[in-house]
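Going by the UniProt record's numbering, the sequence shown opens with residue 1, and the numbers climb by one from there.
Cβ atoms here follow ideal geometry from the backbone N, Cα and C, with glycine treated the same way.
Written below as structure tokens is the structure these notes are about.
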Amino acid sequence: MSGEGGPAEISNVLSAWFGPDADDATIVKRQHALWFVRSDATDRFLRETFGDLVARALRGEITSWGETQRGRLALLVVCDQLTRNIFRGTPRAFEGDPLALATSRAMIAADEDLRLRPIERLFVYLPLEHAEDLAVQNLAVARFEKLLDVVTGEARGAFAAYFDYAVRHRDIIQRFGRFPHRNVILGRASTDEEIAFLKEPFSSF
Numbered sequence: 001m002s003g004e005g006g007p008a009e010i011s012n013v014l015s016a017w018f019g020p021d022a023d024d025a026t027i028v029k030r031q032h033a034l035w036f037v038r039s040d041a042t043d044r045f046l047r048e049t050f051g052d053l054v055a056r057a058l059r060g061e062i063t064s065w066g067e068t069q070r071g072r073l074a075l076l077v078v079c080d081q082l083t084r085n086i087f088r089g090t091p092r093a094f095e096g097d098p099l100a101l102a103t104s105r106a107m108i109a110a111d112e113d114l115r116l117r118p119i120e121r122l123f124v125y126l127p128l129e130h131a132e133d134l135a136v137q138n139l140a141v142a143r144f145e146k147l148l149d150v151v152t153g154e155a156r157g158a159f160a161a162y163f164d165y166a167v168r169h170r171d172i173i174q175r176f177g178r179f180p181h182r183n184v185i186l187g188r189a190s191t192d193e194e195i196a197f198l199k200e201p202f203s204s205f
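Written out as structure tokens, the structure reads:
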């Protein structure tokens, strides 16, 4: 398949990522492993299902998705999440980050994130959390904090964890100016301080 795709492809991405419609707590429980548990089987499934689409996205061939709210959300999933599964452990895992970050910031500037349900807002903010830029990291922490403020009930524990992860990402950038765990993948030399840090728990994501 080639070209820009369209509503059906956008719907396929969002359906695969969020699953059948349900309350946020149910979606978190059901989709957590797909989103956040590293698995060769998951990576293989996503590569087989969306590999061609991700390649097109990285060639700039689905920019029309940015014309609608659902398209923008799907674009974030493709460029910020699926890339990390499909190209795990390679520099290409981060190749979609510039487009994802630009899309995220544009949505936030227009308050578009506030019109999404909390579980969708999570994926608007993750590109901020992935940036090696302290100002962007501070924005991520602020948005995750605002997100936590509106979540109640059973889902709140998960969203508190998402906020905690945002703080931990920010603290690493504040300390090193980059994510040391990416150094080997990107061919960057690590400092002695970074090497020592990488031996600590929770130093990698």
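1) Just verifying my parser: in three-state terms, what is the DSSP assignment at residue 116?
2) Give the straight-line distance between the Cα atoms of residue 119 and residue 149, rounded to the nearest whole angstrom.
3) Determine the burial state of residue 113: buried for a count of at least 16 other Cβ atoms within 10 Å of its Cβ, exposed for fewer.
4) Tell me the rounded alpha-carbon separation between residue 96 and residue 36.
5) In terms of residues, what are the limits of the alpha helix (DSSP H) holding residue 52?
6) Look at the Cβ atom of residue 75, then the Cβ atom of residue 54, and state whether they are nearer than 8 Å.
7) Using a Cβ-Cβ cut-off of 6 Å (strictly less than) and excluding sequence neighbours within five positions of residue 84, which residues of its own chain qualify?
8) Alpha carbon to alpha carbon, how far is residue 1 from residue 19?
9) Keeping to the same chain, check which residues put their C-beta closer than 6 Å to that of residue 204; ignore five residues upstream and five downstream.
10) For the candidate residues 155, 142 and 34, whose alpha-carbon lies nearest to that of residue 77?
Reading off the structure:
1) Coil at residue 116, not helix or strand.
2) 13 Å
3) Answer is buried; the Cβ neighbour count reaches 16.
4) Per the coordinates, the alpha-carbon of residue 96 lies some 18 Å from the alpha-carbon of residue 36.
5) 40–58
6) no
7) 93
8) The predicted position of residue 1 is uncertain, since its pLDDT is 40 and thus under 50; a value taken from the coordinates is nonetheless stated next. When the Cα atoms are used, residue 1 and residue 19 turn out to be separated by approximately 23 Å.
9) 181
10) Nearest option by C-alpha distance: 34.
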